[in-house]
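Protein chains in written order, with the numbering used here: chain A, 26 to 181; chain B, 26 to 181; chain C, 26 to 181.
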Amino acid sequence: MDKKKVAIIASKGTLDMAYPPLMIASTAVAMDMDCGIFFTFYGLNIVNKKKYANLKVAPLANPAMPMPVPNIVGALPGMTAVATSMMKGMMKKAGMPSIPELVNVCAESGVKLWPCQPTIIAMSIDPNDIIPEAADPCGAAVYLEYARDADVSLFI
Amino acid sequence: MDKKKVAIIASKGTLDMAYPPLMIASTAVAMDMDCGIFFTFYGLNIVNKKKYANLKVAPLANPAMPMPVPNIVGALPGMTAVATSMMKGMMKKAGMPSIPELVNVCAESGVKLWPCQPTIIAMSIDPNDIIPEAADPCGAAVYLEYARDADVSLFI
Amino acid sequence: MDKKKVAIIASKGTLDMAYPPLMIASTAVAMDMDCGIFFTFYGLNIVNKKKYANLKVAPLANPAMPMPVPNIVGALPGMTAVATSMMKGMMKKAGMPSIPELVNVCAESGVKLWPCQPTIIAMSIDPNDIIPEAADPCGAAVYLEYARDADVSLFI
């Protein structure tokens with residue numbers, strides 16, 4: 026029987042929203058499923074060597090954060106660094122690997138990593154900054170070709 | 026024939042984005058489909074007894090809001106309360122139940138409610154604060170096991 | 026054999042997040058797949074004639090933006106206009122059509138466009154402002170009826 030397939034689009038590049046696509050993908054392959062991730066818009070940061078170790082989270086406009094601060098405080102210089110550092114501590118506490126470590130796990134376990142070509146052009150990204158495992162820029166058609174035969178599809 | 030299945034991930038904890046997973050789930054069971062929701066990251070607030078009646082929405086960084094205010098105004102103290110109150114009025118006008126009411130509808134109609142274990146640890150959440158219908162913390166594998174045989178999968 | 030089907034929910038109304046549902050839908054029909062989009066919450070702006078040419082993006086609370094500015098700067102009056110103008114330039118550079126053009130492509134190529142009825146009521150939207158191709162307001166049940174037989178389902 027064919028393996029079950031999970032087709033993910035990763036469109037966010039903040040520290041918090043970089044975890045779900047990588048966690049789901051690495052769990053899927055551990056469960057002997059096939060998985061592919063299409064990185065588009067801000068999500069491309071997740072496979073950008075110059076950025077993926079330094080993804081950030083801003084402490085404003087999300088009143089659902091564990092320790093919300095007033096937006097006027099969250100907008101102050103330095104507060105993004107504070108929130109990012111707190112989030113990293115929280116993920117560590119939960120035994121979560123870092124984003125670069127998780128990207129590595131995904132790449133080594135055969136998760137297909139597709140960087141979005143129009144995003145690379147629009148955001149003037151140097152293709153050499155993308156990790157080698159995500160070396161083949163492509164369009165939405167490659168994602169859809171995989172997703173239409175997949176069992177789970179998620180836009181993150 | 027087996028029932029159709031809907032597998033949802035709820036990752037947001039703002040008032041506006043708490044509605045879609047609950048509305049879709051309650052509609053799905055009303056249509057005689059099976060449904061499960063995995064609550065992760067900020068989405069865990071939706072099944073947190075101490076929080077779910079007081080979810081908020083911030084009036085900044087979303088220029089698509091019905092009545093956008095300049096971000097510098099939206100960041101002022103008290104403006105999150107104003108926007109939240111407006112949003113509650115809008116949902117009431119559309120005949121929408123409150124979030125706790127909708128959670129109750131979902132729980133009573135058999136929607137599976139899974140709280141994310143790593144989120145509980147990372148965010149130091151007291152398990153007693155989670156509603157009893159969502160009493161069994163689990164990981165992404167439980168979601169994927171359900172989702173891979175589901176007909177609809179959504180990351181919200 | 027039946028055509029493959031893609032069932033999308035568009036819930037965001039910012040300039041950046043208006044592109045994914047329209048790009049995926051237009052690509053899907055070009056690949057001879059069927060596609061339907063349910064526009065809910067802020068996503069309804071995408072098919073609102075008075076708004077879709079002027080969708081905006083705010084330069085704050087998203088540290089993953091290509092050229093992030095400090096939140097305190099991003100909150101200043103005029104900065105949303107600056108970020109929006111930059112984003113439009115980026116999309117043009119990547120050869121992307123405008124949002125109204127993409128909506129038109131989707132409508133003409135047979136993508137089903139469903140505006141969410143509760144959103145229309147909640148946000149007091151004049152039904153005459155919705156483009157004629159999305160003339161039939163409906164609820165989540167219409168989406169789910171389509172999605173449960175679809176091959177790809179995405180919440181954007």
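All C-beta atoms, glycine included, are put in the ideal place defined by N, C-alpha and C. If you're wondering where the values come from, they're calculated on a predicted model, not measured in any experiment.
Closer than 9 Å to chain C by CB, F66(A):
yes
Confirm the yes/no value for this check: CB of M116(B), any heavy atom of the ligand NAD, distance under 8 Å.
The ligand NAD is not part of this structure, which contains no ligands at all.
Tell me which residue opens and which closes the alpha helix (DSSP H) that G99(C) is part of.
Where G99(C) is concerned, the enclosing alpha helix (DSSP H) starts and stops at N96 to G99.
Let me know if D176(B) comes out buried or exposed under the rule of 16 or more other beta-carbons within 10 Å of its beta-carbon.
buried
Buried or exposed for M92(B), please, with buried defined as at least 16 other CB atoms from any protein chain shown within 10 angstroms of its CB.
Exposed is the call here.
Going by DSSP, what residues sit across from I146(B) in a beta bridge?
Under DSSP, I146(B) forms no beta bridge with any residue.
Kindly say whether K37(C), judged by its beta-carbon, lies nearer than 9 Å to any beta-carbon of chain B.
yes
Closest to A53(C) by C-alpha separation, out of S178(A), A165(A), I150(A) and I181(A), would be which residue?
A165(A)
Taking I71(B) and I124(B) to be in contact with their CB atoms under 8 Å, please state how far apart those CB atoms are, rounded to whole angstroms.
7 Å
May I ask which residues mark the beginning and end of the beta strand (DSSP E) holding K30(B)?
For K30(B), the uninterrupted beta strand (DSSP E) run begins and ends at K30 to A35, by DSSP.
Is the Cβ of M121(A) closer than 9 Å to any Cβ of chain C?
no
G99(C) touches chain B at which residues, Cβ-Cβ below 9 Å?
Per Cβ cutoff of 9 Å: A86 and N96.
Whose C-alpha, out of Y171(C), N129(C) and L179(C), is nearest the C-alpha of N73(C)?
Nearest C-alpha to N73(C): N129(C).
Short of 8 Å in beta carbon distance, which residues of its chain neighbour K28(A), apart from the five on each side in sequence? Order them along the chain.
Close CB contacts of K28(A) within its chain, under the 8 Å cut and outside five residues either way in sequence, are with D57, M58 and D59 (chain order).
Spell out whether any CB of chain B is found under 9 Å from the CB atom of V82(C).
Yes, contact with chain B.
What is the rounded straight-line gap between the Cα of A50(B) and the Cα of Y171(C)?
15 Å
Mind pulling the chain B residues with CB within less than 8 Å of I146(C)?
K118, A119 and G120
What's the gap between the Cα of A147(C) and the Cα of K117(A)?
41 Å
What are the boundary residues of the alpha helix (DSSP H) that S51(C) is part of?
L40 to A55
How is D59(C) classed by DSSP in three states: helix, strand or coil?
Three-state DSSP puts D59(C) in a strand.
Which residue's Cα is closest to the Cα of G68(B): I155(B), A89(B), A106(B) and A86(B)?
I155(B)
For chain B, find out if any of its Cβ atoms is closer than 9 Å to the Cβ of K70(C); answer yes or no.
The residue asked about is misnamed: residue 70(C) is Asn in this sequence, not Lys. Taking 9 Å as the CB threshold, N70(C) lines the interface with chain B.
Between F63(C) and C131(C), which are expected to be in contact by the criterion C-beta below 8 Å, what is the C-beta distance as a whole number of angstroms?
Wrong, their Cβ atoms sit about 13 Å apart, outside the cutoff.
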